Every structure is written in structure tokens, then in C-alpha cells.
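Number of protein chains: 4
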Amino acid sequence: MPKHEVKSTVKDEELVQKRREQISRGAVKLFIDKGFHRTTTREIAKEAGFSIGTLYEYIRTKEDVLYLVCDNIYNEVKFRLSELDNNDNTVEGLRVAIARYYEVIDQMSDEFLVMYQESKSLPNEALRYVLTKELEMVEQFEIIIRKCMEAGNLHIGPDEVSLTAHHILVSGQMWSFRRWALRKQYTLQRYTKIQTDLIIKGVEK
Amino acid sequence: MPKHEVKSTVKDEELVQKRREQISRGAVKLFIDKGFHRTTTREIAKEAGFSIGTLYEYIRTKEDVLYLVCDNIYNEVKFRLSELDNNDNTVEGLRVAIARYYEVIDQMSDEFLVMYQESKSLPNEALRYVLTKELEMVEQFEIIIRKCMEAGNLHIGPDEVSLTAHHILVSGQMWSFRRWALRKQYTLQRYTKIQTDLIIKGVEK
Amino acid sequence: MPKHEVKSTVKDEELVQKRREQISRGAVKLFIDKGFHRTTTREIAKEAGFSIGTLYEYIRTKEDVLYLVCDNIYNEVKFRLSELDNNDNTVEGLRVAIARYYEVIDQMSDEFLVMYQESKSLPNEALRYVLTKELEMVEQFEIIIRKCMEAGNLHIGPDEVSLTAHHILVSGQMWSFRRWALRKQYTLQRYTKIQTDLIIKGVEK
Amino acid sequence: MPKHEVKSTVKDEELVQKRREQISRGAVKLFIDKGFHRTTTREIAKEAGFSIGTLYEYIRTKEDVLYLVCDNIYNEVKFRLSELDNNDNTVEGLRVAIARYYEVIDQMSDEFLVMYQESKSLPNEALRYVLTKELEMVEQFEIIIRKCMEAGNLHIGPDEVSLTAHHILVSGQMWSFRRWALRKQYTLQRYTKIQTDLIIKGVEK
DNA sequence: AATGAATGAGCCTTCATTCAT
DNA sequence: GATGAATGAAGGCTCATTCAT
Chain A
1 MPKHEVKSTV
11 KDEELVQKRR
21 EQISRGAVKL
31 FIDKGFHRTT
41 TREIAKEAGF
51 SIGTLYEYIR
61 TKEDVLYLVC
71 DNIYNEVKFR
81 LSELDNNDNT
91 VEGLRVAIAR
101 YYEVIDQMSD
111 EFLVMYQESK
121 SLPNEALRYV
131 LTKELEMVEQ
141 FEIIIRKCME
151 AGNLHIGPDE
161 VSLTAHHILV
171 SGQMWSFRRW
181 ALRKQYTLQR
191 YTKIQTDLII
201 KGVEK
Chain B
1 MPKHEVKSTV
11 KDEELVQKRR
21 EQISRGAVKL
31 FIDKGFHRTT
41 TREIAKEAGF
51 SIGTLYEYIR
61 TKEDVLYLVC
71 DNIYNEVKFR
81 LSELDNNDNT
91 VEGLRVAIAR
101 YYEVIDQMSD
111 EFLVMYQESK
121 SLPNEALRYV
131 LTKELEMVEQ
141 FEIIIRKCME
151 AGNLHIGPDE
161 VSLTAHHILV
171 SGQMWSFRRW
181 ALRKQYTLQR
191 YTKIQTDLII
201 KGVEK
Chain C
1 MPKHEVKSTV
11 KDEELVQKRR
21 EQISRGAVKL
31 FIDKGFHRTT
41 TREIAKEAGF
51 SIGTLYEYIR
61 TKEDVLYLVC
71 DNIYNEVKFR
81 LSELDNNDNT
91 VEGLRVAIAR
101 YYEVIDQMSD
111 EFLVMYQESK
121 SLPNEALRYV
131 LTKELEMVEQ
141 FEIIIRKCME
151 AGNLHIGPDE
161 VSLTAHHILV
171 SGQMWSFRRW
181 ALRKQYTLQR
191 YTKIQTDLII
201 KGVEK
Chain D
1 MPKHEVKSTV
11 KDEELVQKRR
21 EQISRGAVKL
31 FIDKGFHRTT
41 TREIAKEAGF
51 SIGTLYEYIR
61 TKEDVLYLVC
71 DNIYNEVKFR
81 LSELDNNDNT
91 VEGLRVAIAR
101 YYEVIDQMSD
111 EFLVMYQESK
121 SLPNEALRYV
131 LTKELEMVEQ
141 FEIIIRKCME
151 AGNLHIGPDE
161 VSLTAHHILV
171 SGQMWSFRRW
181 ALRKQYTLQR
191 YTKIQTDLII
201 KGVEK
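Residue numbers (the UniProt record's numbering), protein chains in the order written: chain A, 1 to 205; chain B, 1 to 205; chain C, 1 to 205; chain D, 1 to 205.
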């Protein structure tokens, strides 16, 4: 799946990166606050620190901004999770990976919300690209789980690998989606412990 | 939490109910297709079968329509789940309840998606009301779980009751949110079996 | 060639006709003054006597307005020329027809200018429709000329019929296009006499 | 009428000429294709082969480009017609001049169209200058006609001289404006013959 | 109670022009 | 002299909402 491309009239590639960073950073704030549809391009430009004309030197449509935002969040998540790519094939390694993932979500809770609530507004091609990235994250956990299995540290039906991976992601998203309910009752640490136990005991023989 | 009230200029309460039913039924279709923001009030009126003027005799703002839709979906879900309110305190009863819930979600998948993706656009008061309903559903499962526990059929820490209930809801929503990925690999039956085992084995001693 | 259709959201067909009349009448004034591109839709609405929103109940794009204007002018011209459709097969009858045509152009000089200078901005389909109408006018004169020939009152090669008809139209348009130069030196009457002589003597044996 | 002046910040007069040549040459292409209003200054700069900033070193406004284009076309036409300035006072000489003029138009048909359809967008002063040039061309033909008359080769009322000259120009423009209709029926040669006969027989005793 | 024409604030986007480098 | 990033006024168009009939 090729990266969805956002056209810019500006030639200096470095500047384009910098400006898009500004756009994305500003837009998330606004999207968190009012959602994609209620945010105007003028507000986005203002928040990014330049004029509406300049904004449109770096994007072609408002939807491009949404894509930029989603793309940035994913890359950030991926980057933060990349450190997990260790070779610890124990269940403990899995636990750590899950915990790390929850942490990332906890820190980027707002961004997650935006991404999941607004990505449906992406144009088709961009949406497919984002879904691909989502699958990549599922795969990342599938790999970790399989390594545990191959090392004989986890016993689990082959059908359940994918489901468990999905489940890890979803339980993480739950911490973001339902924080209005969950944070009244649980700390991140407690939530992590309970969920991880649920997942791992659930799949263990 | 009092029900969020939608003002109408029409006196005949029965007619109001009937018309709102029409509005909601038509609007869901549109929201499923294009989302709340991309759907116009004119389209809603047309789908409902009457004029834009008439639409505004039964609602005050477009957001009222969204509320009507969310409210209707919740009521439908609640109604379908109400049959579960039995006194079967066995783990098997819990299994059946979960399965029933998944079934409902499977049948109303589109409506679920709408509700969860668009409810953030509700005005504050209405949003709170909807969240309340969500919590009521969590509670419904908490009650079933507690009954199992009190009957000695399930052993589980007190902290985990609420979380397990949330978990049931979320795993159900997952079937709706991630159908693009999950339905390629699982049937509803298989999904139900695996998830239920996960949940129940996870919480059992 | 089917009439190019302009969509309207308003159902009352009579009202649509009335409003479009208003739009066209107002728009010509503005187009005469500033041309199509320099006229804004807001100005068109204001000149027509209603709000921008109302304007867009009767057209879909700004180009529709241009089409309305061109269509109206053509119909007006055609209506005014329709009285010529007599059965006078003499050269005198041709003279009268030409004179009548020049008169119409003289009275609608501004409208003519607009039509010929702006019609290139019409969307393709509408442009073709307008050209068709132009050809119909050529044909109208061809018919009159042929009748003269068949009655033995005019002798002219078959190839030259069409060209003479075009020539009549163009010499008429010349009175509109070059008025800045011609009106200094000629009255309409004098211009008509000279041109007609030129045309008729030119084609006569 | 003094030549309309286009200001430039660049001192080197030779460079200015060269650059403006580039601008004009590129712009005609674009104007032919999309018209003056739909062509952007960026496109003009690109087509000319340099940056938008550089473009504005040689013009002050977009309208200056239009003026440059119109001026260039006129000069080209004038240059091509200058060879006609012979001393052949026969009717044959007039025929040749007309034929030569039609040829030029046939070759520069697109440019003609641009000039006549877009010159109304020129600022007032520039428009007057262009009209002056148009009159100069009329005069050029008037002179040829008068020479024929004085040599006793053509008999024509004094009033008709100017009109005939105008007519020659307009019949030439007609070949450009109405090519969509005329070229289906006539070759340039045939068109030239018929039109010239019409003009000359028409004015001859 | 129903209709649908009218309204206008406000949105996204373009593009001529400027100016610091 | 050349460049191209920045600007913001202005344009076309939409759509939630109202109100006279």
C-alpha cells in the first residue's frame, strides 16, 4: 500500500515537513476540542501560526489535514512502540509490550480519540492507508505472541492469535474511549494489571 | 438523569411519537451512509417522507435528530436485551447473555457504529444522557455477574466486576468496529465462543 | 439538440420562470458593465432583488446564469424576428427582413455583445446548444433567400446561399461590435441601406 | 495616442524586451486554451519559463500581460500586412490585399480570437490604444480603396469607403469567429473568392 | 398541521501580488 | 536580477433555520 500523497506547491521538502508538523500539531488540538467538521480551515491556519493562504501551500484540501493528523499519530505510536521490538520471547516480554502500549495510549489519549472518531471522514484512498497501518500494529502484536508460542512459553490455538492481538489493541483503545467511566475507578497501573491478566490467563492453558 | 427533552410545536403527543419514529428511522440510514455532518436536514426530511418545514415541527435543531437516533438505538438494544433479565444465576446464564448481546450487535452493527462515531456531536446535556444509558448497560451486566458470584458460580475480585462488564461491552463493540478485519477470519459463532471463553476463563479462578 | 437544462430546487414551475427572468434581466446589466467573470454571484442576486441563498434555489452554478442570459437573448431575438416569417418571396421581402434584423440588434446591442463575448465561458454542452441556436438563425435567412430564388426573384449560386446568410448575420453583429466606430459616421438607417445594397447587389446577377 | 506603457523594475531595456516576448508567447497559448480569466499568473510565469517573482519584474499587473499579448498580435498582423503597401492601384491589387489579409487571419486564427474576446478586459487606457490600432488597419484598407478610386478603377460613394473597409476587416474576423460553422462548408480559397466578389461587386457600379 | 420558498452567515478554496533572501 | 514562500481579500456555494401561506 503506497503512502497516500499530499501535494504541496512548495518545493523545499524540508520546509514542507516542518510546516506540516505545525499544521498537524495545531489541528489535533482543534479536532480534540471540536471535531474535524466543526473546525474551520482558518482556525487550523491560525493555530499553526500562519495565514490561510500559506496553509493551502502545504495541503490541497481540508481532508489532507485530517490525513496528516492521522498519519502523524500513527507514526508517533509506531515510533514509541518500536522500542518493544526486542527478542524477549517470554510471557513477561508480552506483558511489558502490552503495558508499554497502554502507556502510549494513556499519554496520547486525545489523539487516539480523534483518529478513531474522524478517520471515517478521510477520502477513500487515505482511509485504506490508515486501516493498513492499524493492521500493521495488530501484526506487531501477533508476532510477539507467536514468538512466545514458538518458545513454548504460551499455549494457544492458532485461531486465537489474531483475535488476541486485536483484543490487545481494543482494550487499549477502551482506555481512551471510556476514560470518562474508567478513570473514576482505575489507575492506569491497576487497569493494566487486570487487563493483562485477563488476556494472558484467558489464552493460557 | 432526566431524559433529554426535544421540543415540538405539535400538541398531539401520539403524532409526535409517530413522526419522530419516521425521522429516526430515515436518519439512521443516512447517517450510516454519510455520517451526521454530511447529511443535510433536507435529506432527513425527504427520507422521513415529509417536507423540511414539517421536520422542524418535530425537532428544534439538527442535533435533536442525532439525539433521537441515538436514543432509539439504545432503546432498541435495551429492549432486545431485556429478555435476558432472567434469574438464571449460572455461568451458563452469563454465557447466554453475552451471546445474546453479540447477536444484537451483529444485527444492529451499522446503528452501533453511528452511535459511537457521532454521539460526540451531541450537545452536552444530550451526550451525558447517552453516556448514562451506556453505563446502565454496563450495570446490567454487572448485575448478572454479581448474581453468578453470589450464587457461588463465579469467583472474581470485586474490582474486576465492573471491568469485566466493560470488557463484555467493548468486545461486543469490537465486532462492530472491526468488522472489516474480523469478518474475514471469524463467523459470529466462532467469535462468540472464543471471546466468551476468554472472558469467563479469564475471571474464573 | 435538447435544451440545456438548469436544475432548480423550487417546484413551482411558474415561480421558477419568473425568478429566472429576474435573474437574467439583472445579470445582463451587470455583464454588460463588467463582463461575466468580474461579476459576482452576490451582485447578481442583489440586482435580481433577492438573497444569495435564493439565487441558488434557481440555478446550480454561476455558469447557469450565463446560460440563462444567452438563452433569453436568443429567444428574444427569435421572437422579434418571428414576425418576418411571411410568404413575401420578393427581394423587397428580403430587404425588410434584413432591416428588421438590424433593428433588433440595434435595440439589443448590449445583449448581443454580452452573448458573443461571454458564451465561450459556457460549459460545453450549453455552448453547443447556443451555437445550434445561432445556426437556426442562419437557416432562417437561408430559407428566405431560397424562397426568393425559387420565385425567380434572386439569382445566386447554390454555394453562396449559406454564405450570404452568414454574411447578413455578421454584418448585423458588426453594427453591435463596432458601434464605437460606426455610430460616429452612420445612422442605423443609412447603415442598413448601404449594407443591404451591398448584400443584394453582391448576389444579384 | 501614445503607446500604453508597461512599467518594469528592470533597467536593461534589451532584457525587458526579450522577457516580454517570452511572456507574450507563452500567454497566448494559455489564453487560447482557457481564456484570460481562467489563466493564472503562475501558469503564465511557468509557460514563459521563469518564476512568478521574475514575471512581476517585467509587468505590474496581470492585465499588463493581456496588453502585451494584444499588442504583439497586432504588431504581427501589421507586419505581415505591411508587404501589401504596394502601389498597385488596380482592383486586382485590392483583391490581393484582401486575400493576403484572410491568409494572415487563417494562420493566426487563435490569436485573433483571443484578442477580440479578451480585449474588453483591458484597463481603459490600454483598450483605447488597441482600438486605435484596429482603426489603423481600417485606414490601411481605406487608403487602398481610395487609391483604386482615384485611379478610376473603382466607383463607389464616399460614404461607403469606410464601411467597405470595416466590412473587409469584419469578414476576415468572421473566418476566425465562425470557423466552427464555416470550415465545414468552405475552404479558405473558396471563402476568399466568394467574399471578395461580394465586396467588390457590391461596391462596383 | 403541513408546506416550501427565502434567508444569510459562514465555509472551503483560489490567486494576484509582495518582499525577504 | 531571480526566486518562491507568504499573504489575505474575495469568490462560489451550502445548508440549518424561519415564517408566511
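Glycine residues also receive a C-beta, built at the ideal position from the N, C-alpha and C atoms.
Note that this is a predicted model, so its numbers are computed, not measured.
Taking only the alpha-carbon atoms, compute the straight-line gap between residue i and residue j and give it to the nearest angstrom.
| i | j | result |
| --- | --- | --- |
| Leu172 (chain D) | Glu47 (chain C) | Here residue 172 (chain D) is Gly; the residue named in the question, Leu, does not match the sequence. Rounded to the nearest angstrom, the two C-alpha atoms are 38 angstroms apart. |
| Val138 (chain B) | Arg42 (chain B) | 36 angstroms |
| Gln185 (chain C) | Tyr56 (chain A) | 54 angstroms |
| Glu63 (chain B) | Ile59 (chain D) | 53 angstroms |
| Leu163 (chain B) | Ala181 (chain A) | 10 angstroms |
| Ile61 (chain C) | Arg25 (chain C) | Position check: residue 61 (chain C) holds Thr in this sequence, whereas Ile was assumed. Whole-angstrom Cα-Cα distance: 17 angstroms. |
| Met115 (chain D) | Gln107 (chain D) | 14 angstroms |
| Leu113 (chain D) | Phe177 (chain D) | 7 angstroms |
| Asn87 (chain A) | Asp197 (chain A) | 22 angstroms |
| Asp150 (chain D) | Leu169 (chain D) | According to the sequence shown, residue 150 (chain D) is Glu rather than Asp. Glu150 (chain D) and Leu169 (chain D): Cα-Cα distance of roughly 22 angstroms. |
| Tyr102 (chain D) | His37 (chain A) | 59 angstroms |
| Asp159 (chain D) | Lys193 (chain C) | 12 angstroms |
| Arg179 (chain D) | Gly35 (chain D) | 18 angstroms |
| Leu135 (chain C) | Arg183 (chain D) | 14 angstroms |
| His167 (chain C) | Phe79 (chain D) | 28 angstroms |
| Gly157 (chain A) | Gly157 (chain B) | 27 angstroms |
Excluding the five sequence neighbours on either side, which residues of its own chain have a C-beta within less than 8 angstroms of the C-beta of residue i, listed in chain order?
| i | result |
| --- | --- |
| Arg146 (chain A) | Val161 |
| Thr54 (chain A) | Arg19, Ala45 |
| Met1 (chain B) | Low confidence applies to Met1 (chain B): its pLDDT is 48, below 50, so where it sits in the model is not reliable enough to give any reading. |
| Cys148 (chain A) | Asn89, Thr90, Val91, Gly93, Leu94, Leu154 |
| Gln195 (chain A) | Ile98, Tyr102, Ser171 |
Is the beta carbon of residue j closer than 7 angstroms to that of residue i?
| i | j | result |
| --- | --- | --- |
| Ile23 (chain D) | Asp110 (chain D) | no |
| Lys133 (chain A) | Tyr74 (chain A) | yes |
| Arg175 (chain C) | Ile98 (chain C) | Checking the sequence, you will find Trp at residue 175 (chain C) rather than Arg. No. |
| Gln117 (chain D) | Gln117 (chain C) | yes |
| Asn153 (chain D) | Val96 (chain D) | no |
| Leu94 (chain C) | Ile144 (chain C) | yes |
| Val77 (chain C) | Ala27 (chain C) | no |
Starting from the C-beta of residue i, find all residues in its chain whose C-beta is less than 6 angstroms away, skip the five residues before and the five after it, and write them out in chain order.
| i | result |
| --- | --- |
| Ile200 (chain D) | none |
| Asp12 (chain A) | none |
| Ala126 (chain B) | His4, Tyr67 |
Please return the same chain residues whose Cβ sits closer than 7 angstroms to the Cβ of residue i, not counting the five positions on each side in sequence.
| i | result |
| --- | --- |
| Glu142 (chain B) | Val161, Ser162, Ala165 |
| Leu30 (chain D) | Thr39, Glu43, Ile44, Glu47 |
| Glu14 (chain D) | none |
Would the beta-carbon of residue i be found less than 6 angstroms away from any heavy atom of the ligand HEM?
| i | result |
| --- | --- |
| Lys7 (chain A) | As presented, the structure is devoid of all ligands, the ligand HEM included, so that no description of it is given. |
> What are the complete alpha helix (DSSP H) segments, minimum 4 residues, inside the UniProt domain "HTH tetR-type" (17-77) of chain D?
Replying inline: Runs of the alpha helix (DSSP H) spanning 4 or more residues and lying entirely within the UniProt domain "HTH tetR-type" (17-77) of chain D occur at 41-48, 52-58, in chain order.
>> With three or more beta-carbon pairs closer than 8 angstroms as the criterion, would you say the segment 117-132 of chain B touches the segment 62-71 of chain B?
In response: When C-beta atoms of the segment 117-132 of chain B are compared with those of the segment 62-71 of chain B, three or more pairs fall below 8 angstroms, so the two segments count as touching.
> Is the segment 10-21 of chain D touching the segment 43-58 of chain D in the sense that three or more CB pairs, one from each, lie closer than 8 angstroms?
Replying inline: Yes: at least three Cβ pairs fall under 8 angstroms.
>> I want to know whether the segment 186-193 of chain B touches the segment 7-14 of chain C - three or more CB-CB distances under 8 angstroms.
In response: Touching, no, given that fewer than three Cβ pairs across the two stretches are closer than 8 angstroms.
> What are the complete beta strand (DSSP E) segments, minimum 3 residues, inside the segment 119-147 of chain C?
Replying inline: Residue ranges of uninterrupted beta strand (DSSP E) with 3 or more members are absent from the segment 119-147 of chain C; none lies entirely inside it.
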